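These protein sequence lines map, in sequence, to chains C and V.
First residue of the first sequence? That's 1 in the UniProt record's numbering, and the numbers climb one at a time after it.
First residue of the second sequence? That's 1 in the UniProt record's numbering, and the numbers climb one at a time after it.
To start, the structure itself, in structure tokens.
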Amino acid sequence: MKTKSAIKPRNSKIYLYLLPGLAIYAFVVLVPLVMALRYSFFDWSGGPNMDFIGLDNFVALIQDDVFWQSFRNNLFIIIMSIIGQVGIAFLIAVLLTRSWVKWKQFHRTVIFIPNVLAAVIIGFLWSMIYNHDYGLLNYSLNAAGLESWISPWLDDPSIVMTSVTIPIVWQFVGFYLIIFMSAMQNIPDELYEAAKIDGATSWKQTWHITMPMLKSTFRVAIMLCIAGNMKVFDHIFVMTGGGPGSSSTVMAQYAYDVSFNRFELGYGSAVSIGMLALSLGLILISQIIGRGEKE
Amino acid sequence: MKAFILKLTLFVAIVSLLTACGSGDDNATGSENQDGDDVSISLMHYYNKELGEPAPTAQLEKLDEFAANNPDVTINQEIQSHDNYETKVKTLAAGDELPDVFLIKGSMTQQFLENEQVMNLDAFLNENDGWQDQFVDGTLTPFQVDGSAYGVPISGGATHIVYYNQAIFDEVGIEAFPATWDEFLAAIDTLNENDVTPIALGNKGKWVLNSSYLSTLGNRYTGDEWFNNILANNGEAAFTDQPFIDALGAINQLADRGAFNENMNSIDNSEQQAMYMNGKAAMFIEGDWAAGSISSNAPEDVLENTHVAIFPAIDDAGGNQNTVSGGGGWAYAINADVTGEKLEAIKDMIYHLTNEDAGKLILEKGQMPAIKVSGTEDMDLGRLTREILELLEDNKYVPIYDTILEPALIEEMNNNMQIMVIDQVTPEEAAENIQKVYSK
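Right under this line is the structure:
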């Protein structure tokens with residue numbers, strides 16, 4: 001045992017190495033989480049005065065229309081993102097494996113670039129694109145003679161969610177593209193060679209080899225998509241501030257508004273805990289569905 | 001094993017280096033406190049020299065002056081950006097770690113007082129002869145709870161000023177700023193017929209319609225009595241009362257007439273100014289602070305033709321008509337824990353920052369001070385500043401809703417107004433929604 005210590009260290013040593021990371025994680029995630037859970041049982045506006053009110057905050061939360069509306073908005077973004085981000089990323093990944101596509105490196109880099117930009121920058125960029133008077137979108141529509149298509153993109157409650165979702169989808173396509181491309185490299189070439197010998201077209205190969213081989217990657221991507229989009233905040237905060245009214249408010253923004261605009265920190269914590277519970281629920285559901293398909 | 005020892009040594013070295021730095025800092029602050037009987041005051045504010053905003057610049061100059069006159073007092077300033085300041089002060093309050101002196105908004109007074117974090121300033125305001133009476137009517141009100149003051153206001157301008165471009169008015173044949181509400185509506189129609197946006201509105205931040213429109217219109221319809229009843233929560237006033245609905249209705253009327261640009265909810269107040277400065281809109285409505293940015297940023301032809309007004313009188317409204325929402329914006333508050341010599345130094349500092357001399361400097365820089373300033377005729381003021389000063393002389397300040405009412409209520413109001421102007425709710429429905437939060 002002793003001679004192998006560098007390759008197979010003792011358990012205690014493993015924990016020792018993990019300790020710094022765990023300590024930081026506990027400090028920035030677990031401790032605040034437990035504290036938020038505690039605050040959610042209080043009527044608290046900040047400061048030393050806290051009144052214990054039991055589950056009242058959660059009773060109010062369940063009856064809170066704005067909270068459920070913001071949850072629906074999150075769901076909308078998640079569904080759009082699963083179709084948009086994961087779907088488009090998969091299509092592009094497949095295209096980039098085709099031999100007739102030129103400049104593969106270039107395409108990959110360009111598609112990935114939005115990923116490294118800060119969400120706030122993306123938000124500003126797109127609010128300029130959507131701008132009514134000098135925005136790129138309305139300008140292009142005008143130039144193309146499609147004046148009738150011009151809308152107040154960020155001002156009409158019926159389309160605002162679509163308008164704010166597009167930048168989010170656009171930004172993260174590159175991220176899933178990289179995941180899919182690296183997963184595709186792990187598919188053995190023999191499978192494709194065998195398919196070719198059998199006379200399968202490339203789209204048939206995609207359908208019958210690539211798709212099934214990437215099933216677990218899809219599961220991970222969809223889980224990342226759900227987790228990422230439950231906490232989406234910055235893009236929308238910059239573009240609309242959750243407006244008009246609360247029509248583009250997502251849960252994270254609602255928690256922020258309640259905590260730091262209304263200064264109901266107790267109720268704000270309850271909103272955050274509600275958000276956590278719903279996120280875990282959704283991820284669980286997606287995992288169960290994924291497992292069901294496997295069998 | 002050797003490698004492990006090496007790593008361990010490195011780790012220990014790094015850790016000890018870090019702790020050494022930490023304790024080094026402690027020593028430094030320790031020794032600073034030891035020399036002499038110097039008083040050091042911690043002060044948090046949002047004044048930024050680089051931005052050149054009128055009142056903040058004046059306050060910074062006065063602070064430097066105070067520091068030069070009082071070498072035994074050290075002022076440790078913590079400077080935040082304006083947007084961060086509000087969050088920061090509330091966060092510090094939540095952790096009970098407020099500095100000695102800080103700035104508060106009217107709506108924070110109640111909450112800070114409940115947590116016993118701000119000092120009662122009644123005695124202080126009476127220490128200097130007649131100082132309390134020198135403040136412009138209505139500027140102390142937001143910082144008073146049950147008749148006691150907890151903040152000393154700095155600037156006290158109006159949150160409602162109509163800036164209009166006379167050249168555009170001339171072009172479409174409007175000779176003077178309308179004198180009645182009906183004429184005002186007619187002017188909007190005329191401007192629309194000539195394809196000019198009548199009023200540039202940037203309500204993405206949600207406060208513009210509240211601060212600069214509703215606070216003034218509300219009082220015009222409801223009068224003072226109603227608002228006092230709302231504040232007292234004595235059950236004699238409700239947001240579903242007809243006068244308040246009418247006030248919302250007046251804004252709705254403007255929206256229905258097409259007075260605003262279509263993208264009013266997705267641009268902010270600086271963009272509404274930009275629209276106006278580009279000559280795309282005939283008017284915009286904001287507080288007196290906008291005069292500064294118009295004076296320094298607007299192209300010359302727009303600046304020359306810019307004049308100021310307030311909403312004209314409304315015939316069928318019950319309240320006073322020569323009113324404009326305004327009063328204290330931010331005020332100095334003192335941490336309730338401060339005592340002794342330090343407190344005396346703080347009082348001197350705050351007096352120095354908010355007395356008539358300081359007020360004069362604020363006015364010279366182009367903003368309305370909270371304190372009355374005499375002899376303004378002889379002062380060298382910008383044209384817009386003087387116009388605003390003259391405009392405000394004839395009119396009475398009424399409360400700014402969003403610096404006084406509870407934050408939760410304000411948020412509901414703001415959200416409802418945002419969707420009311422795009423026809424998602426009627427004024428009646430909006431009033432009901434607001435009342436629901438109020439009665440909770």
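C-beta atoms are modelled at their ideal positions from N, C-alpha and C, and glycine is treated no differently.
Since the model is a prediction, treat every value here as computed from it, not as a measurement.
Exposure of residue i, with buried meaning 16 or more beta-carbon neighbours within 10 Å
i: TYR130/C; result: buried
i: ILE289/C; result: exposed
i: SER12/C; result: exposed
i: ASP423/V; result: exposed
i: ASP25/V; result: Because ASP25/V sits at a pLDDT of 39, beneath the cut-off of 50, its placement in the model cannot be relied upon, and the following sentence gives the value as read from the coordinates. So ASP25/V counts as exposed.
i: MET128/C; result: exposed
i: ILE404/V; result: buried
i: SER272/C; result: buried
i: TRP226/V; result: buried
i: LYS90/V; result: buried
i: ASP65/C; result: exposed
i: ARG262/C; result: buried
i: LYS8/C; result: exposed
i: VAL324/V; result: buried
i: PRO71/V; result: exposed
Cβ pair residue i, residue j closer than 9 Å
i: ALA313/V; j: ALA187/V; result: no
i: ARG108/C; j: LEU91/C; result: no
i: TYR351/V; j: ASN128/V; result: yes
i: PHE124/V; j: VAL152/V; result: yes
i: GLN367/V; j: ALA55/V; result: yes
i: ILE371/V; j: VAL308/V; result: no
i: ALA93/C; j: ALA270/C; result: no
i: ASN320/V; j: ARG220/V; result: yes
i: ILE83/C; j: ILE226/C; result: no
i: ASP170/V; j: TYR397/V; result: no
i: GLY174/C; j: ASN115/C; result: yes
i: ALA282/V; j: LEU191/V; result: yes
i: TRP44/C; j: LEU265/C; result: yes
i: ILE77/C; j: MET184/C; result: no
i: THR217/C; j: PHE180/C; result: yes
i: HIS45/V; j: GLN59/V; result: yes
i: GLU116/V; j: ALA333/V; result: no
One or two residues paired with residue i in a DSSP bridge
i: MET283/V; result: TYR164/V and ILE199/V
i: GLY223/V; result: Looking at the DSSP assignment, GLY223/V forms no beta bridge with any residue, so it has no partner.
i: GLU429/V; result: GLU429/V is not bridged to any residue.
i: GLY326/V; result: ALA158/V
i: VAL59/C; result: VAL59/C is not bridged to any residue.
i: HIS307/V; result: TYR164/V
i: ASP43/C; result: ASP51/C
i: PHE260/V; result: ILE199/V
i: SER40/V; result: THR74/V
i: PRO153/V; result: ALA331/V
Neighbouring residues, chain V, relative to residue i (Cβ below 9 Å)
i: THR162/C; result: Near THR162/C there are no residues of chain V at all, since even the closest Cβ is about 14 Å away, more than 9 Å.
i: HIS132/C; result: ASN261, GLU262, ASN263, SER266 and ILE267
i: ASN49/C; result: GLU114, ASN115 and GLU116
Under 8 Å from the C-beta of residue i: neighbouring residues of chain V
i: LEU154/C; result: ASN263, ASN265 and SER266
i: SER127/C; result: SER266
Within chain C, partners of residue i - CB distance below 7 Å
i: THR87/V; result: PHE260
i: LYS105/V; result: Neighbours of LYS105/V on chain C: none; closest Cβ ~12 Å, over 7 Å.
Rounded distance between the beta-carbons of residue j and residue i, thought under 8 Å
i: MET275/V; j: ALA331/V; result: Incorrect: roughly 32 Å between the Cβ atoms, too far for contact.
i: VAL162/V; j: ILE310/V; result: 6 Å
i: LYS204/V; j: SER296/V; result: LYS204/V to SER296/V, Cβ: 23 Å. No contact.
i: LEU248/V; j: PRO427/V; result: 4 Å
i: PHE233/C; j: ALA252/C; result: 4 Å
Proximal chain C residues relative to residue i, where beta-carbon distance stays under 9 Å
i: GLN424/V; result: PRO157, PRO244, GLY245 and SER247
i: PRO407/V; result: ASN261, ARG262, PHE263 and GLU264
i: GLN111/V; result: SER45, GLY46, GLY47 and PHE263
i: ASN192/V; result: Here the premise fails: no neighbours, minimum Cβ distance about 16 Å.
Below-9 Å beta-carbon distance, residue i vs any chain A residue
i: TYR176/C; result: Absent from the structure is chain A; the protein chains it does hold are C and V.
Chain-ordered neighbours of residue i on chain C, where CB pairs are closer than 8 Å
i: LYS204/V; result: THR240, GLY241 and GLY243
i: GLN418/V; result: GLY243, PRO244 and GLY245
i: ASN84/V; result: The premise fails here: ASN84/V is roughly 11 Å from chain C at the closest Cβ pair, so nothing lies under 8 Å.
i: ASN415/V; result: GLY243, GLY245 and SER246
Where residue i meets chain V, residues with beta-carbon distance less than 7 Å
i: ASP257/C; result: GLU411
i: SER12/C; result: Going along chain V, no residue has its Cβ under 7 Å from SER12/C, so there is no contact; the nearest lies around 14 Å.
i: GLY46/C; result: LYS90, ALA93 and ALA94
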